[in-house]
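Residue numbers (this note's numbering): 4 to 178.
In this text, a Cβ means the ideal position worked out from N, Cα and C, and glycines have one as well.
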Amino acid sequence: MQLVITVAGQDRLELIEELTRIIKECKCHILESRMTELGTEFGAHLLVDGNWNHIVKLETALEVMGTRNRIKVNTLRAKESHPEDEGVIPYGVDIFANDQIDNIYELVSFFTKRGIKILDVSTSRYPAPYSNTPLLVARMIVKIPIAIRIVSLRDEFLEFCDQQNLDAILEPVKR
Numbered sequence: 004m005q006l007v008i009t010v011a012g013q014d015r016l017e018l019i020e021e022l023t024r025i026i027k028e029c030k031c032h033i034l035e036s037r038m039t040e041l042g043t044e045f046g047a048h049l050l051v052d053g054n055w056n057h058i059v060k061l062e063t064a065l066e067v068m069g070t071r072n073r074i075k076v077n078t079l080r081a082k083e084s085h086p087e088d089e090g091v092i093p094y095g096v097d098i099f100a101n102d103q104i105d106n107i108y109e110l111v112s113f114f115t116k117r118g119i120k121i122l123d124v125s126t127s128r129y130p131a132p133y134s135n136t137p138l139l140v141a142r143m144i145v146k147i148p149i150a151i152r153i154v155s156l157r158d159e160f161l162e163f164c165d166q167q168n169l170d171a172i173l174e175p176v177k178r
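Right, here's the structure in full:
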């Protein structure tokens, strides 16, 4: 059985240790995770696997942890059978740009309007050296259906980036 866990709240030194200890004590395994500091707050997304009785025990322990630490913990029992995506090619998209309020939305819209599934989005913002201009760095993983002509998509993407004043790379994910 699998459990999706999201955690959000005030960042503390021991929070990641406590969260992973509870998962271990409940005899569950972390399959995927991202645990990070978001400003002054903490955020985590985890996919955990275990026997049904261990998952039930974990759900209870996480509820207690959330109450004790005054953080938000949400859980969702996941479907175990994830259909394999056939007929898609994973591509990585790296974006570097002057940070504008609509950059992420426009990027996401570019791909979804073309029937391209977005698997992952990771962004950060920081001041540029020497000028302190706010810059955006984004990394996306998308699944491009094989029916889409890559050369045409790349041309459209480069035109889009030119219009939005984005510096970006679209390339296949390599193992």
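Between which residues of its own chain and residue i is the CB-CB distance below 7 Å, once the five residues before and five after are set aside?
i	result
Ser127	Val140
Arg157	Leu173
Can you list, in chain order, the residues of its chain whose CB lies under 6 Å from that of residue i, leaving out five sequence neighbours each side?
i	result
Leu79	Val7
Asn135	none
Ile19	Met38
Ser125	Arg142
Ile58	Met4 and Leu6
Val67	none
Who are the near neighbours of residue i in its chain, counting only those whose CB is closer than 8 Å to its CB and skipping five residues on each side?
i	result
Ile149	Gly90, Val91 and Ile92
Asn54	Met4 and Lys30
Thr23	Ile33
Buried or exposed for residue i, going by 16 or more other Cβ atoms inside 10 Å?
i	result
Ala131	exposed
His32	exposed
Leu49	buried
Leu194	Given that the chain is displayed from residue 4 to residue 178, the structure contains no residue 194 and the question cannot be resolved.
Leu161	exposed
Leu169	buried
Val10	buried
Tyr3	Outside the displayed span of the chain (4 to 178) sits residue 3, for which this structure offers no information.
Phe114	buried
Ile104	exposed
Phe45	buried
Asn77	exposed
Tyr3	Past the boundaries of the shown model lies residue 3; the chain is included only from 4 to 178, so the question cannot be answered.
Ile129	In the sequence as displayed, the identity of residue 129 is Tyr instead of Ile. Tyr129 comes out exposed.
Val51	buried
Asn106	buried
Please name the residue, chosen from the options, that lies closest to residue i on a Cα-to-Cα basis.
i	options	result
Glu21	Met4, Gly42 and Ala47	Ala47
Arg71	Glu87, Thr43, Gly12 and Lys60	Gly12
Leu16	Glu35, Gly95, Ser36 and Thr43	Thr43
Glu87	Lys27, Phe163, Ala171 and Lys146	Lys146
Ile98	Met68, Phe163, Lys120 and Ser155	Phe163
Asp14	Ile74, Ile153 and Ile119	Ile74
Asp102	Pro137, Gly95, Ile153 and Leu61	Pro137
Gly95	Ser112, Arg117 and Asp123	Asp123
Ala100	Gln166, Ser36 and Lys60	Gln166
If contacts are defined as beta-carbon pairs under 8 Å, then residue i and residue j qualify, I think. What distance do you get, rounded to the angstrom?
i	j	result
Ile144	Val176	7 Å
Ala81	Ile25	That pair is no contact at about 18 Å.
Val111	Ile121	6 Å
Contiguous alpha helix (DSSP H) assignments of at least 4 residues, all confined to the segment 102–162: 106–115
Inside the segment 31–112 only - alpha helix (DSSP H) runs reaching at least 4 residues: 55–72
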